[in-house]
Structure formats: C-alpha cells, structure tokens
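Everything below concerns the one structure shown next.
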Amino acid sequence: NAGVTQTPKFQVLKTGQSMTLQCAQDMNHEYMSWYRQDPGMGLRLIHYSVGAGITDQGEVPNGYNVSRSTTEDFPLRLLSAAPSQTSVYFCASSYAGDRDGQYFGPGTRLTVT
Amino acid sequence: AQSVTQLGSHVSVSEGALVLLRCNYSSSVPPYLFWYVQYPNQGLQLLLKYTTGATLVKGINGFEAEFKKSETSFHLTKPSAHMSDAAEYFCAVSDRDTNAGKSTFGDGTTLTVKP
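Respectively, the protein sequence lines represent chains L and G.
All residue numbers for the first sequence refer to the numbering used here, where the first residue is -19 and numbers rise by one.
All residue numbers for the second sequence refer to the numbering used here, where the first residue is 307 and numbers rise by one.
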C-alpha cells in the first residue's frame, strides 16, 4: 500500500493564480480531510469528507474548494491564490471516522508570492 | 467547541531522561484523544490513542499516555529519551458524537534531546 499520497511536494504560485493539490489514498478509507499547518499554530482543518459525494467545511475553508467523486481521491483547489495561503498542506484519511486516528500524507509546501 | 492546549512549545531533555509532554483539552464530553509525532519535512504519524477502557495507553517507540478525566488531561511520557525522539509532537481530540474523521489539534511541542 502506498498509503496517502500528495502531489506536488513543492509549489510556488503568484498571487491570483489557481491550482489543485492532489490527494489519493489506497486504503479504502471513507473519511478524508485537508489541513494546513502554519508555524506555531498546529494544524487547522480546511475541508473534510465522510464519503464519496459528501464534503463539508472545516475551520478555515475560505479560498478553497473540494470535491469527492471517488473514495480514493480528494483534491483541494485554490481558486485565486493569496500570500496568506502560504503554508504546508496535509491530506489525511481514516477508515472508521474519529475513533481510529488518521493517516497523513507527506504534505505539499506552497508558497504564494 | 473543543480545544486543545499543549503546555510548552519547546521541551528539552537529556538523552536517557524522562520525557513529559503536557496536553489538556476542553470539551463538554470526554473526546477521543490522540498523540501524533512529526519528524522534519514529513507528515504526522499516530503515536497512540485513547478511545475507551484502560486510561493508560501504550503506543509506539516506548511512549505512553494517561487519560485523566478529572484533570481533562492526556499527558505523553517516555521513561528514557533517545536521540531519535527529537521531533514535534501534537495532541489532538475528536468528537465522539459526530464521527466525521476530523480532529482539533494543539499547537505542537518541539522536543529536543541533548546528548
């Protein structure tokens, strides 16, 4: 199993550009989430999904869109990048929801200039 | 709403010394509790979790944590630190009622191990 994979590993965008961060898992997990990690602030939830076709907003959803057309994939779209979105983005998945903890991908480091 | 407080953003110990990382939560109902470890430039890895049953839980790499309901705490310990334990540690909680596969994280504690 590859676990949770994320692409790209690094990305530099200019303000106003759009892009999609890819996340895939091969563990047949129903639950998937996107977090951003900023220095000294832990991880903050952006969006999450409890199954294909079902998504919901987390703590910091503004400026981001998600969709979940398959169990395996959960892409995160930045609509119009802003310097405040410079961060490290982590995708996570879990099989049984909250009680089992989450598996994390290696992260995407995004810089917006 | 749940919240997590990790006391001490940086903890430094000598190799072989006790490791104690503190975590307190705020929740109307005791949540599921987790500790994760993050090595530089990597994702988070689950160390251990408390969901129900025995309040002292053991995890990987010799770490353990004890759930204390009266103190709303879930402190992480290891009897003897090793150089390889140097990393950032996150305490996290999840709501028992919603089961949405999401967690609230503390701000993290960076553990330094001195030779």
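Cβ atoms here follow ideal geometry from the backbone N, Cα and C, with glycine treated the same way.
So residue i is in the beta strand (DSSP E); what residue range does that whole segment cover?
i        : result
Glu394/G : Ala393 to Ser400
Asp36/L  : Ile34 to Gln37
Arg79/L  : Premise fails: Arg79/L is in no beta strand (DSSP E) and is neither H nor E.
Gln13/L  : Note that residue 13/L corresponds to Ser in the displayed sequence, not to Gln. Residues Tyr11 to Gln17.
Val319/G : His316 to Ser320
His381/G : Ser379 to Lys384
Leu59/L  : Neither: Leu59/L is in no beta strand (DSSP E) and is coded neither H nor E.
Val92/L  : Thr88 to Val92
Thr311/G : Ser309 to Leu313
Gly31/L  : Leu23 to Gly31
Met94/L  : The question about residue 94/L has no answer, for chain L in this structure spans -19 to 93.
Leu350/G : Leu350 to Tyr356
Glu52/L  : Unbroken run through Glu52/L: none, as it is neither H nor E.
Between the alpha carbons of residue i and residue j, how many angstroms are there, rounded?
i          : j         : result
Phe54/L    : Tyr28/L   : 9 Å
Pro337/G   : Lys375/G  : 10 Å
Met(-1)/L  : Leu58/L   : 5 Å
Val399/G   : His316/G  : 21 Å
Asn42/L    : Tyr342/G  : 27 Å
Ile366/G   : Leu353/G  : 6 Å
Ser318/G   : Thr383/G  : 13 Å
Phe396/G   : Pro19/L   : 13 Å
Val46/L    : Ser390/G  : 37 Å
Thr(-15)/L : Ala4/L    : 5 Å
Met12/L    : Ala406/G  : 9 Å
Gln351/G   : Glu394/G  : 11 Å
Gly(-4)/L  : Ile34/L   : 28 Å
Tyr345/G   : Val325/G  : 17 Å
Val419/G   : Ser49/L   : 45 Å
Ala62/L    : Leu(-7)/L : 9 Å
Phe(-10)/L : Asn347/G  : 11 Å
Which residues in the same chain have their Cβ closer than 6 Å to the Cβ of residue i, if we skip the five residues on either side of it in sequence?
i          : result
Val68/L    : Gln17, Gly87 and Arg89
Trp14/L    : Ile26, His27, Leu56 and Cys71
Thr(-13)/L : Gln2
Thr378/G   : Asn330 and Tyr331
Gly368/G   : Lys384
Can you have a look at residue i and say buried or exposed, based on whether 16 or more other CB atoms are within 10 angstroms of its CB?
i        : result
Thr93/L  : exposed
Gln82/L  : buried
Gly38/L  : buried
Tyr44/L  : buried
Phe84/L  : buried
His9/L   : buried
Gly359/G : exposed
Please name the residue in the options whose C-alpha comes closest to that of residue i.
i        : options                                   : result
Tyr75/L  : Leu25/L, Gln(-3)/L and Asp6/L             : Asp6/L
Leu313/G : His388/G, Gln348/G and Thr416/G           : Thr416/G
Arg24/L  : Lys355/G, Asn347/G, Ala387/G and Ser409/G : Ser409/G
Asp403/G : Thr311/G, Leu324/G, Cys329/G and Ser333/G : Ser333/G
Ala307/G : Val325/G, Val335/G, Cys329/G and Leu324/G : Val335/G
Ala392/G : Lys364/G, Gly414/G and Glu377/G           : Gly414/G
Arg328/G : Glu370/G, Val419/G, Asn347/G and Gly349/G : Glu370/G
Starting from the C-beta of residue i, find all residues in its chain whose C-beta is less than 7 Å away, skip the five residues before and the five after it, and write them out in chain order.
i        : result
Phe373/G : Leu339, Tyr356, Thr361 and Phe380
Leaving out five residues on either side along the sequence, give the residues of the same chain with a beta carbon under 8 Å from the beta carbon of residue i.
i        : result
Ala323/G : Ser386 and Ala387
Val40/L  : Arg16, Arg24, Leu25 and Ile26
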